[in-house]
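Residue numbers (this note's numbering): 9 to 382.
Structure follows, in structure tokens:
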């Protein structure tokens, strides 16, 4: 069984009827048994009334634009556990389900309620039964007991899902949407968590979300790919890595699982997508090898993480400033230029306790959700 897994797919309406995907990629996808892509936005109408209250951008795609790409690539299933799938509310999610069903494309990582969102996708070939599970970070998209959305990252629930899938399948593939945007390495917490998934029975763990490629490791015989980067994302960025992605090829034969990467690249102006060859491919493989060396050394990984935290120090402190709650961005800008932060150690200690202490996390989440609904 040959399975191809890729990262974020988002095609905006201005690329309707464009031929962006090179024949080399089309041929690769045609020859696979199964093809899985991350559907980075709901397929729904552009109705502002459906937009949820959230931080960050709202993304959506139209059926007329995205479906030709899914069919051209012969996509069998899409992962929907990501931070944008609920951007246009319940309607956006259910519209997406309906479109996918109409086009005979399966989906995982989302459902009409939390129970449905947790269900695995089963792939079958030559007597083998493979489970695909899909989780995402808890960022504006999670299903509830009685409302649609994504399957959340929850260590206890995820463990139960992996063990249940393992009991009835030959192999379990985990696809996680999470990580730190534009950072090419996992945090130490991510490494610990993804390795834990392997300990619970995952046969391979695959990540995306960060809009950049990362490295990989083999932990106790289980391959872990921390980020495949973007696949096709028709939005311009100043980040060079935005335009580079990885196609992960997973081969399962006679109970043995092997995997390898195929680097791809989008053209910056046209977004035309092609396989990398020659020196460009070699350069990406070398860069991944450097990331791998860091990932395999926990001390180096921690040092890199500490350095990255330093680059985000001011940004994250400002998030906790009382001035971040001022809705007028011009007022916020003036205060920022004047160097007025509104911060003190007592306030930051309170914030840290509220996000770290489990009892306070429980209460803070419920109170804040009630406030936003009120």
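Glycine included, C-beta positions come from ideal geometry on N, C-alpha and C.
How would you write the range of the beta strand (DSSP E) that residue 136 sits in, first residue to last? The sequence position of residue 136 within the chain shown is 128, counting from 1. Secondary structure note for residue 136: its beta strand (DSSP E) is the uninterrupted segment 136-144.
Three-state class that DSSP yields for residue 290 in the structure shown: Residue mapping note: residue 290 aligns to position 282 of the chain shown, counting from 1. Per DSSP, reduced to three states, the secondary structure at residue 290 is helical.
Give me the residue from 186, 35, 209, 163 with the minimum Cα distance to residue 177. Position 169 of the chain shown holds residue 177. Here the closest residue by C-alpha is 209.
Spatial neighbours of residue 207 in its chain, beta-carbon cut-off 8 Å, leaving aside the 5 residues before and after: By 1-based counting over the chain shown, the position of residue 207 is 199. Cβ neighbours of residue 207 within its own chain (closer than 8 Å, five residues either side excluded): 228.
Using 8 Å as the threshold, is the C-beta distance between residue 117 and residue 173 below it? As a position in the chain shown, residue 117 is number 109, starting the count at 1. As a position in the chain shown, residue 173 is number 165, starting the count at 1. Not a contact, by the Cβ cut-off of 8 Å.
8 Å Cβ cutoff met for residue 232 and residue 202: Mapped onto the chain shown, residue 232 falls at position 224. Mapped onto the chain shown, residue 202 falls at position 194. In this structure, residue 202 lies closer than 8 Å to residue 232 by Cβ.
Just to confirm before moving on: does the CB-CB distance between residue 181 and residue 214 stay below 8 Å? Walking along the chain shown from the start, residue 181 turns up at place 173. Walking along the chain shown from the start, residue 214 turns up at place 206. Pairing residue 181 with residue 214 gives a Cβ-Cβ distance under 8 Å.
Per DSSP, what are the beta-bridge partners of residue 160 in this structure? Numbered from 1 along the chain shown, position 152 holds the residue referred to as residue 160. According to DSSP, residue 160 bridges with 144.
Pick from 105, 121, 63, 122 that is closest to residue 115, judged by C-alpha positions: Position 107 of the chain shown, counted from the first residue, corresponds to residue 115. The shortest Cα separation from residue 115 among 105, 121, 63, 122 belongs to 105.
For residue 171, the residue or residues it bridges with in DSSP: As a position in the chain shown, residue 171 is number 163, starting the count at 1. Answer is none; residue 171 lacks a bridge partner.
Using the three-state DSSP reduction, which class does residue 241 fall into: helix, strand or coil? Numbered from 1 along the chain shown, position 233 holds the residue referred to as residue 241. In the structure shown, residue 241 sits in a strand (DSSP, three-state: E or B).
Under 8 Å, do residue 219 and residue 248 count as touching if we go by C-beta distance? Position 211 of the chain shown, counted from the start, is the residue given in the question as residue 219. Position 240 of the chain shown, counted from the start, is the residue given in the question as residue 248. Not a contact, by the Cβ cut-off of 8 Å.
Measuring alpha carbon to alpha carbon, tell me which residue in 199, 260, 144, 292 is nearest residue 42. The residue you call residue 42 lines up with position 34 of the chain shown. With distances taken between CA atoms, residue 42 lies nearest to 260 out of 199, 260, 144, 292.
Using only alpha-carbon positions, find the residue among 309, 171, 254, 160 that is nearest to residue 199. Your numbering for residue 199 matches position 191 in the chain shown. Out of 309, 171, 254, 160, 309 has the C-alpha closest to the C-alpha of residue 199.
Using DSSP's beta-bridge definition, name the partner residues of residue 42. The sequence position of residue 42 within the chain shown is 34, counting from 1. Paired residue(s): 11.
Tell me whether residue 149 sits in a helix, a strand or coil according to DSSP, three-state version. As a working mapping, residue 149 is identified with position 141 in the chain shown. Here residue 149 carries a coil assignment [DSSP, helix/strand/coil].
Would you call the CB atoms of residue 90 and residue 58 closer than 8 Å? The residue labelled residue 90 in the question sits at position 82 within the chain shown. The residue labelled residue 58 in the question sits at position 50 within the chain shown. Going by C-beta atoms, residue 90 is not nearer than 8 Å to residue 58.
Where residue 380 and residue 111 are concerned, what is the direct C-alpha to C-alpha distance, given to the nearest angstrom? Counted from its first residue, the chain shown places residue 380 at position 372. Counted from its first residue, the chain shown places residue 111 at position 103. Distance between the alpha carbons of residue 380 and residue 111: 36 Å.
Taking just the CA atoms, how far does residue 192 sit from residue 313? The count along the chain shown starts at 1 and reaches residue 313 at position 305. The count along the chain shown starts at 1 and reaches residue 192 at position 184. When rounded, the distance between both Cα atoms is 10 Å.
Close-in-space but distant-in-sequence residues of the same chain around residue 279 (CB under 6 Å, 5 per side omitted): Walking along the chain shown from the start, residue 279 turns up at place 271. Excluding five sequence positions before and after residue 279, the CB atoms of its chain that fall closer than 6 Å to its own CB belong to 28, 242, given in chain order.
If the criterion is Cβ atoms closer than 8 Å, does the pair residue 212 and residue 130 meet it? Numbered from its first residue, the chain shown carries residue 212 at position 204. Numbered from its first residue, the chain shown carries residue 130 at position 122. No.
Simplified DSSP assignment, three categories, for residue 253: Residue mapping note: residue 253 aligns to position 245 of the chain shown, counting from 1. The answer is strand: DSSP assigns residue 253 an E or B state.
Terminal residues of the alpha helix (DSSP H) in which residue 362 lies: In the chain shown, counting from the first residue as 1, residue 362 sits at position 354. Residues 353-364.
Report the CB separation of residue 101 from residue 50 in whole angstroms; it is logged as a contact under 8 Å. For the purposes of this step, residue 101 is taken as the residue at position 93 of the chain shown. For the purposes of this step, residue 50 is taken as the residue at position 42 of the chain shown. Contact between residue 101 and residue 50 holds, with the beta-carbon distance rounding to 6 Å and staying under 8 Å.
So the candidates are 74, 170, 61; which of them puts its Cα closest to the Cα of residue 24? Start at 1 with the first residue of the chain shown, and residue 24 comes out as number 16. The residue among 74, 170, 61 with its C-alpha nearest the C-alpha of residue 24 is 74.
I'd like the list of long-range same chain contacts for residue 300, defined as Cβ closer than 7 Å, with 5 residues on each side in sequence excluded. Locating residue 300 in the chain shown gives position 292, where the first residue counts as 1. 223, 224, 225, listed in sequence order.
Let me check understanding here. Comparing Cα to Cα, which of 272, 358, 128 lies closest to residue 290? For the purposes of this step, residue 290 is taken as residue 282 along the chain shown, with counting starting at 1. Of 272, 358, 128, the residue nearest in Cα terms is 272.
Assign residue 279 to one of three DSSP states: helix, strand, or coil. Numbered from 1 along the chain shown, position 271 holds the residue referred to as residue 279. In the three-state reduction of the DSSP assignment, residue 279 falls in the coil class.
Are the beta-carbon atoms belonging to residue 238 and residue 250 less than 8 Å from one another? Here residue 238 refers to the residue found at position 230 of the chain shown. Here residue 250 refers to the residue found at position 242 of the chain shown. Contact flag set, yes.
Alpha-carbon to alpha-carbon, residue 187 and residue 7: With the chain covering only 9 through 382, there is no way to say anything about residue 7.
Since residue 266 is in the beta strand (DSSP E), which residue starts that stretch and which ends it? Stepping through the chain shown from its first residue, residue 266 is reached at position 258. Where residue 266 is concerned, the enclosing beta strand (DSSP E) stretches over 264-274.
Rounded to a whole number of angstroms, what is the C-alpha to C-alpha distance between residue 332 and residue 185? Taking the first residue of the chain shown as 1, we reach residue 332 at position 324. Taking the first residue of the chain shown as 1, we reach residue 185 at position 177. If you take the alpha carbons of residue 332 and residue 185, they lie about 27 Å apart.
How about residue 142 and residue 93: are their beta carbons less than 8 Å apart? For the purposes of this step, residue 142 is taken as residue 134 along the chain shown, with counting starting at 1. For the purposes of this step, residue 93 is taken as residue 85 along the chain shown, with counting starting at 1. No, these two residues do not count as a Cβ contact at 8 Å.
Extent of the continuous alpha helix (DSSP H) run through residue 71: As a position in the chain shown, residue 71 is number 63, starting the count at 1. Run containing residue 71: 71-80, per the alpha helix (DSSP H) assignment.
Residues of its chain near residue 33, where Cβ-Cβ distance is below 7 Å and the 5 sequence neighbours each way are ignored: As a first step, residue 33 is located in the chain shown; it is residue number 25 there, counting from the start. If you ignore the 5 residues before and after residue 33, its C-beta comes within less than 7 Å of the C-beta of 272, 281, 282, 283, all in its own chain and listed in chain order.
Helix, strand or coil for residue 215? Go by DSSP, reduced to three states. Locating residue 215 in the chain shown gives position 207, counting from the first residue. Annotated three-state conformation of residue 215 is strand, per DSSP.
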